[in-house]
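Novice: For the sequence shown, my numbering assigns the number 272 to the initial residue and increments by one for each residue that follows.
Sharing a structure here in structure tokens format.
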Amino acid sequence: MENSVAALFQPIRIGPYLLQHRVVLAPLTRMRCTKDNVPQEIMGEYYAQRASTPGTLLVSEATLIAQKAGLYTHAPGIWNEAQIDGWKKVTKAVHDKGSFIFLQLWALGRTADIEALHAANPDYPFVSASDIPVPTGGERSKSSSSPKPRPLTQDEIKEYVELYAIAAHNAVYKADFDGVEIHGANGYLIDQFLQDVCNHRVDEYGGSVENRCRFALEVTKAIVNAIGEERTGIRIGPWVPFQGMGMADPIPTFTYLVSQLKELYPGFAYLHVVEPGISGGAYVERPPLVSNDFIRDTWLPRPLITAGKYTRETAMEVAEKALTHAETVGLAKDSGGELIAFGKLFLANPDLPVRLRNGYPLNDYDKATFYIPGDTSGKGYTDYSFYV
């Protein structure tokens, strides 16, 4: 009977948690917090809707680790008690549905809103791996020029590592998240260290592949020490050009990073990778002969989440192939393979796992309501219908 169920809808273990299927809510920025970065009541309803299929894994929207780590008004934080209390209502709502939620940890670096950052505290520095601004004319450019960041000092890097660990502790031990996902993609601070288009440092955090991966690995180690490797995941985007990223050949860098994570943390919850052809929240032309198969070859059969423009059919195909591979190397069915994270489709279909399993039609999403800062009306947020 079990063999008749497609791999996408078979259970899998993520750390200490047994998921009932392999359909994951991708992290989606929605900007429904207060101006002080506090989660609002309606966010509990939003996440509970998407947790309605028991045993679902949700990855939260990106959440700022500290005020100085870069600021977007109405994006969530996890550094003070009001934010923690707001998130506790969300995690309770998810757990009441029998599902699981990881908090995505976020530091912005050169992509921060410098006006919001300095409004919070004029002394907060605008920083990155190097002094290279976000290229103008991109998706995040608001003018003909981008502010020039200051390279983080080594002491500041150590401070950021500690801020990540504190945020992870707050998430798991105070706000009751099941784990955390380190945001290492999309041109934010960790990605700014990883990629040579942004990292021109000449110290131990720049230059070689090993040096450019050092910050990501130090952050991971600190978080693992704070909450355990089985509650820690990371998201990477080797091919994502968003916000000035897109090194000529990401394969050596990301192969090394993933190899180190696999070697150092045998109990690591999961690796999450963005597929080529995705840039932030947008679809872009996928370069020819570009693939994340090098990541699969390095990481599988360990739990791997992939995200990016998947359909029901392609998700089922990828999950089936990965499960077959896991079985050929002797793993139990629920011990490894590939999960598929859905963003826009899960946004518009709170019962997406049920719809995908049964082939039910899908709601269309409304791009105009993706980001409505501070909104509590539920428009384009909690008003998408369930199939039944």
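Ideal placement from N, C-alpha and C gives every residue a C-beta, glycine not left out.
CB-CB under 8 Å to residue 369, same chain, minus the five flanking residues each way: which ones, in chain order?
Specialist: Same-chain partners within the cutoff: 322, 325, 326.
Novice: Buried or exposed: residue 429, going by 16 or more other Cβ atoms within 10 Å of its Cβ?
Specialist: Answer is exposed; the Cβ neighbour count stays below 16.
Novice: Would a C-beta distance cut-off of 8 Å place residue 484 and residue 401 closer than the cut-off?
Specialist: No.
Novice: Taking the beta carbon of residue 390 as the centre, do at least 16 other beta carbons fall within 10 Å, making it buried, or is it exposed?
Specialist: When all chains shown are included, residue 390 counts as exposed.
Novice: What residue range does the beta strand (DSSP E) around residue 504 cover?
Specialist: That run of the beta strand (DSSP E) goes 503–507.
Novice: Does DSSP put residue 624 in a helix, a strand or coil?
Specialist: Helix, per DSSP.
Novice: Residue 581 and residue 613 look like a contact to me (Cβ under 8 Å); what is the Cβ gap, rounded to whole Å?
Specialist: Residue 581 to residue 613, Cβ: 6 Å. Contact.
Novice: I'd like to check one pair, residue 449 with residue 336: are the Cβ atoms closer than 8 Å?
Specialist: Their beta carbons are not under 8 Å apart, which means residue 336 does not touch residue 449 by this criterion.
Novice: Measure the alpha-carbon distance for residue 319 versus residue 630 and round it to whole angstroms.
Specialist: Roughly 22 Å separates the two Cα atoms.
Novice: Taking DSSP as the reference, what is the three-state secondary structure of residue 527?
Specialist: Helix, per DSSP.
Novice: Is the region 345–361 touching the region 302–316, taking contact as three or more C-beta pairs under 8 Å?
Specialist: Flag = yes, the region 345–361 and the region 302–316 touch.
Novice: Could you tell me whether any non-hydrogen atom of the ligand NAD is closer than 7 Å to the CB of residue 291?
Specialist: Of ligands this structure carries none, so the ligand NAD is not represented either.
Novice: For residue 452, is the classification buried or exposed, using 16 other Cβ atoms within 10 angstroms of its Cβ as the cut-off for buried?
Specialist: Flag for residue 452 reads buried.
Novice: Within the chosen definition, does the region 560–576 reach the region 530–547 through at least 3 CB pairs nearer than 8 Å?
Specialist: Verdict: yes, contact present.
Novice: According to DSSP, residue 373 sits in a beta bridge with which residue or residues?
Specialist: In DSSP, residue 373 forms a bridge with 330, 450.
Novice: Could you tell me the distance, in whole angstroms, from the CA atom of residue 392 to the CA atom of residue 384?
Specialist: Whole-angstrom Cα-Cα distance: 13 Å.
Novice: What distance in whole Å lies between the Cβ atoms of residue 446 and residue 504, which are believed to be in contact at a cut-off of 8 Å?
Specialist: The Cβ separation is near 17 Å, so there is no contact.
Novice: Cα separation between residue 436 and residue 494?
Specialist: Those two C-alpha atoms are separated by around 5 Å.
Novice: If you compare alpha carbons, which of 579, 587, 602 is closest to residue 571?
Specialist: Looking at the Cα atoms, 602 is the closest of the given residues.
Novice: Can you give the Cα-Cα distance for residue 410 and residue 516, rounded to whole angstroms?
Specialist: With a pLDDT of only 45 at residue 410, under the threshold of 50, the placement of this residue in the model should not be trusted; the figure read from the coordinates follows. Spanning the two alpha carbons is a distance of roughly 12 Å.
Novice: Let's see if you can read the secondary structure: which residues bound the alpha helix (DSSP H) around residue 577?
Specialist: It is not in any alpha helix (DSSP H) - residue 577 instead sits in the beta strand (DSSP E) that spans 575–578.
Novice: Just checking: is the beta-carbon of residue 315 within a distance shorter than 8 Å of some beta-carbon in chain C?
Specialist: Annotation note: the requested chain C is absent from the structure, which comprises a single protein chain.
Novice: By alpha-carbon positions, which one of 536, 618, 496, 526 ends up nearest to residue 510?
Specialist: Among 536, 618, 496, 526, the Cα nearest to that of residue 510 belongs to 526.
Novice: May I ask which residues mark the beginning and end of the alpha helix (DSSP H) holding residue 459?
Specialist: Looking at the DSSP string, residue 459 is not in any alpha helix (DSSP H), and its letter there is neither H nor E.
Novice: Given that a residue counts as buried once 16 or more other Cβ atoms are within 10 Å of its Cβ, and exposed if not, what is residue 491?
Specialist: With 16 or more other Cβ atoms within 10 Å, it is buried.
Novice: I'd like to know if the region 586–593 and the region 520–538 are in contact, where contact means that at least 3 CB-CB pairs between them fall below 8 Å.
Specialist: Cβ pair count under 8 Å is below three, so no.
Novice: Do you know how far the Cα of residue 459 is from the Cα of residue 472?
Specialist: Distance between the alpha carbons of residue 472 and residue 459: 17 Å.
Novice: With a 10 Å radius around its C-beta and 16 neighbouring C-beta atoms as the bar for buried, classify residue 622 as buried or exposed.
Specialist: Looking at its Cβ environment, which holds 16 or more other Cβ atoms inside 10 Å, residue 622 is buried.
Novice: Going by alpha carbons, who is nearest to residue 519 out of 646, 467, 419?
Specialist: With distances taken between Cα atoms, residue 519 lies closest to 467.
Novice: DSSP three-state label for residue 292, please.
Specialist: Of the three classes helix, strand and coil, the one that applies to residue 292 here is coil, per DSSP.
Novice: What span of residues does the alpha helix (DSSP H) with residue 544 cover, start to end?
Specialist: Unbroken run through residue 544 is the beta strand (DSSP E), 541–545; no alpha helix (DSSP H).
Novice: Starting from residue 284, trace the alpha helix (DSSP H) both ways and give me its first and last residue.
Specialist: Taken as a continuous stretch (DSSP letters only), residue 284 belongs to no alpha helix (DSSP H), being part of the beta strand (DSSP E) at 283–285.
Novice: Taking the alpha-carbon positions, what's the residue 561 to residue 579 distance?
Specialist: In a straight line, the C-alpha of residue 561 is about 14 Å away from that of residue 579.
Novice: For residue 379, count neighbouring C-beta atoms within 10 Å of its own C-beta (all shown protein chains included) and say buried if the count is 16 or more, exposed if not.
Specialist: Its Cβ being crowded by 16 or more others within 10 Å, residue 379 is buried.
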